[in-house]
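Colleague:
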Amino acid sequence: MRESHMSIPHLFTCPISLDLFKDPVTLCTGQTYDRSSIEKWLAAGNLTCPITMQKLHDPSMVPNHTLRHLIDEWLQMGNQFDPEYLATIDSLTVLKHNLESHDVTLEKKLQTLEKIRVLSEASTSRNSCLIQLRFLPLLLQLAFGKVKATLSEAEDYLKFVDVALSCALRLLPLGEMECLNMLNEESKLASFLELFEHGTDTVKISLCLLIEAISLSSETKELSAMLGKTNDLLHKVVLLVRNGSEAGIKALSALSSLQSNRENLVREGAIDGLITYIKSAERGEKNLAPMAMATLEKLLGLETAKEELINNPNGIRTIVRMVFRVSDHEGSENAVSSLMIICYDSLQAREEAIDAGILTQLLLLLQSQCNGRTKTKARMLLKLLRSKWDEDSKNV
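Going by UniProt numbering, the sequence shown wraps up at 396, each residue one higher than the last.
1) Taking the straight line between their C-alpha atoms, what separation do you get for residue 319 and residue 352?
2) Pick helix, strand or coil for residue 90, following the three-state DSSP scheme.
3) For my contact list, residue 314 and residue 279 are in at a C-beta cut-off of 8 Å; report their separation, rounded to the angstrom.
4) Please report the residue range of the alpha helix (DSSP H) in which residue 161 lies.
5) For the putative contact between residue 305 and residue 271, defined by C-beta atoms under 8 Å, what is the C-beta separation to the nearest angstrom?
6) Would a C-beta distance cut-off of 9 Å place residue 88 and residue 99 closer than the cut-off?
7) Might you give, ordered along the chain, the residues of its own chain that have their beta carbon closer than 7 Å to the beta carbon of residue 48, omitting 5 neighbours on each side?
8) For residue 329, does the count of other Cβ atoms within 10 angstroms reach 16, so buried, or fall short, so exposed?
9) Start and end of the alpha helix (DSSP H) containing residue 290?
10) With DSSP run on the structure shown, which of helix, strand or coil describes residue 47?
11) Cα-Cα, which of 114, 199, 248 is closest to residue 213?
12) What first and last residue would you give for the beta strand (DSSP E) that runs through residue 313?
13) Does the structure place the region 165-177 close enough to the region 196-211 that three or more beta carbon pairs sit under 8 Å?
14) Buried or exposed for residue 62, going by 16 or more other Cβ atoms inside 10 Å?
15) Pull up the distance between the alpha-carbon of residue 223 and that of residue 86, whole angstroms please.
16) Please list the terminal residues of the continuous alpha helix (DSSP H) segment that includes residue 112.
17) Leaving aside the five residues before and after residue 300 along the sequence, list all residues of the same chain whose C-beta is less than 8 Å from its C-beta, in chain order.
18) Just how far apart, CA to CA, sit residue 105 and residue 142?
19) For residue 202, does the three-state DSSP call read helix, strand or coil?
20) Can you grab the Cα-Cα spacing for the pair residue 159 / residue 178, in whole Å?
21) Between the Cα of residue 263 and the Cα atoms of 46, 37, 293, 298, which residue gives the shortest distance?
22) Given residue 35, which residues of its chain have a CB within under 6 Å of its CB, disregarding the five upstream and five downstream residues?
23) Alpha carbon to alpha carbon, what distance is there between residue 19 and residue 75?
24) Using a Cβ-Cβ cutoff of less than 8 Å, which residues in the same chain neighbour residue 66 once the five nearest sequence positions on both sides are dropped?
25) With 16 as the cutoff for other CB atoms within 10 Å, does residue 122 come out buried or exposed?
26) I need the DSSP call for residue 20, collapsed to helix, strand or coil.
27) Could you tell me the distance, in whole angstroms, from the CA atom of residue 382 to the CA atom of residue 359?
28) Hey, residue 37 and residue 16 are a contact pair by Cβ (cut 8 Å); roughly how many whole angstroms apart?
29) So residue 34 is in the beta strand (DSSP E); what residue range does that whole segment cover?
30) Please report the straight-line C-alpha distance between residue 39 and residue 139, rounded to a whole angstrom.
31) Counting only runs that start and end within the region 205-254, where is the alpha helix (DSSP H) found for 4 or more residues in a row?
32) Grab me the residues of residue 41's own chain with a C-beta within less than 7 Å of its C-beta, minus the 5 sequence neighbours each way, in chain order.
33) Keeping to the same chain, check which residues put their C-beta closer than 6 Å to that of residue 9; ignore five residues upstream and five downstream.
34) What does DSSP give as the partner residues of residue 266 in its beta bridges?
35) Would you mind stating whether residue 228 and residue 188 have Cβ atoms separated by less than 9 Å?
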């Protein structure tokens with residue numbers, strides 16, 4: 001169906017020519033015009049945006065591929081195109097402009113973000129629209145791009161970052177992970193670290209969840225490696241873990257997925273942090289102690305990690321207590337595997353494990369409903385302890 005036979009949606013008409021967009025481009029003010037129309041406007045000596053009348057501090061034009069795609073869909077579908085969908089896109093475009101505009105106050109931007117958060121929580125279809133309109137990179141840019149705020153607005157600024165990150169995390173599973181690579185920029189990373197230092201607890205949780213997403217995506221492996229070399233960041237993540245943060249555990253676990261990050265994590269105190277978390281998590285009903293235990297096992301591939309664990313006064317005893325838990329067997333396999341690694345070469349570790357009751361724990365585990373692989377490893381650990389005990393006795 002040709003556009004001449006249909007009523008053209010307002011969103012699809014150029015504000016200058018009032019005709020259907022042919023080549024939509026967006027100015028620095030966030031307003032979109034047809035390329036030929038805006039070029040004529042500028043050629044006539046005008047230095048402002050036709051709608052907002054703002055002076056154009058940057059005259060460049062960015063092709064609006066999203067709008068072009070929507071127009072193509074509309075032309076193909078004709079009257080079957082959902083008018084409600086168009087209305088949603090139109091309203092979201094207004095919200096996006098508010099966030100992009102340099103003339104909108106921080107307070108107004110915060111109100112806009114709150115609306116976006118409500119919309120993103122209410123409907124997954126709205127989230128698809130937000131992705132189409134490229135809200136994800138904008139939200140990340142707002143969070144790490146240093147929005148200008150006065151001293152009196154400092155509290156609002158942190159709230160602004162908090163909501164921006166919350167919205168971004170909701171969209172992240174639907175969007176392109178590669179937009180997180182903006183953190184490779186020195187200024188963005190500096191902002192990230194500053195927020196980790198001075199942000200609210202909820203901001204820090206969001207940052208940890210971003211680290212988790214970065215470290216588990218193939219599109220952001222280089223960024224994950226860079227974060228793994230940022231000792232100040234690793235130290236802060238470990239501190240969160242030591243204080244019982246589940247988001248911190250997720251971040252640390254994800255960072256340890258990359259082999260090159262592990263040595264730095266150990267150097268920044270990851271072993272002590274994980275042991276502290278697991279020990280304190282024994283008192284909680286539901287926690288991420290199994291994830292912490294799996295992370296600990298990964299790090300124990302390093303000699304420095306083994307040494308840290310053996311020298312930790314609570315290390316061996318804490319792992320032994322993870323071998324058998326009445327409530328569940330999550331983490332049991334990792335605990336057994338970790339003890340096999342640490343006990344193989346260390347008499348001190350074997351003696352501490354036996355003193356901590358590992359033999360009883362293993363026998364209880366073998367009588368439990370845990371899976372076959374865990375029972376096989378439990379038998380192997382018992383065999384190792386028995387054979388090493390015989391060797392140790394002969395050497396006395």
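For glycine and all other residues, C-beta sits at the position ideal for the given N, C-alpha and C.
Values in this document were obtained by computation on a predicted structure and should not be read as measured data.
Modeller: On the basis of the supplied data:
1) 11 Å
2) helix
3) 6 Å
4) 154-171
5) 6 Å
6) no
7) 54, 55, 56
8) buried
9) 289-299
10) coil
11) 248
12) Neither: residue 313 is in no beta strand (DSSP E) and is coded neither H nor E.
13) yes
14) exposed
15) 37 Å
16) 106-122
17) 306, 309, 338, 341, 342
18) 13 Å
19) helix
20) 25 Å
21) 298
22) 23, 25
23) 14 Å
24) 132, 133, 134
25) exposed
26) strand
27) 7 Å
28) 4 Å
29) 32-34
30) 30 Å
31) 221-228, 231-242
32) 16, 50
33) 86
34) DSSP lists no partner for residue 266.
35) no
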